[in-house]
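Notes for the one structure printed next.
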Amino acid sequence: MLDAILVLSVQVAILGGCGIFFGLLAPKDFKPLWLIAAVVVYVVSYIALTRGFYSFSNPPWASLNWYGKILSTLVALAVAAIPAIGFKRSGMTLKQLPGSWTAWLFAAVVLGVVTYFAATDGYVSSNLEAKIFQWTMPGLDEELLYRGVLLLMLNEALRSRVTVLGARMGWAALITSILFGAVHGVAFDDGVFQFTLPWSQTLSGLVLVWIRERTGSVILPILGHNYGNAIFLMV
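In terms of my numbering, the sequence shown is numbered consecutively and its last residue is 629.
Rendered as structure tokens:
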């Protein structure tokens, strides 16, 4: 439990610290209450993901974190149900913005490259549970949070925007991508702190957030995320 709390503390420091830093760069566009709300949502999501800091176990048939992923997904859906947030504003919609075909084409090219690497030297041995898990849970849980409600709340907190290849993006895109990378690189093991910022996950986060902003939906990020994870278990 203590290690999980310490990991959460580092992640919250990254989220809050980046939010304050970028907010102070443009104070007139900074809405700190939205940043505070984003931190609260992230804390609740992390507690759900870790099953109350590992206070209860997964079902006996499961070796992977099914309960945590499902609970975290439910947290994101519950937050999106708040009228001030909204499902559509959080990208939880099938509707695609005009010109979204460019994002779909780009995603097809990227996933084609990923498939090539998976087919040549990327295969990872796995059982049926791992395959089902990777085809469903990571993209669903993480995209609804990072490219869904968290992105929306940080966009409200930091309102400066620029257009990047047709997508309106702000500091929230960078913060969620840094946090997404840090989540895969922060660890405490018996009190020993380990930290790296995996550039592959950070870059993947930037690609996924661009797709989300270009399409106005998390549908393609969810599909691409799960495919990118699962294909290495299949070929």
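All C-beta atoms, glycine included, are put in the ideal place defined by N, C-alpha and C.
- Beta-bridge partners of aspartate 583 (DSSP): Val586.
- Valine 508 carries a helical assignment under DSSP once its states are collapsed to helix, strand and coil.
- In terms of Cα proximity to glycine 417, the closest of Val406, Leu429, Phe450 is Leu429.
- With a 10 Å radius around the Cβ and a threshold of 16 neighbouring Cβ atoms, aspartate 515 comes out exposed.
- When the five nearest sequence neighbours on each side are left out, the beta carbons in the same chain lying within less than 7 Å of the beta carbon of valine 580 are those of Val401, Val404, Gln405, Phe589, in order along the chain.
- In this structure, leucine 499 lies away from serine 611, with their beta-carbon atoms at least 9 Å apart.
- In this structure, glycine 542 lies away from serine 571, with their beta-carbon atoms at least 9 Å apart.
- For methionine 563, DSSP records a beta bridge to Val556.
- A contact is defined here as three or more CB-CB pairs under 8 Å, and the segment 617 to 628 meets this definition with respect to the segment 492 to 508.
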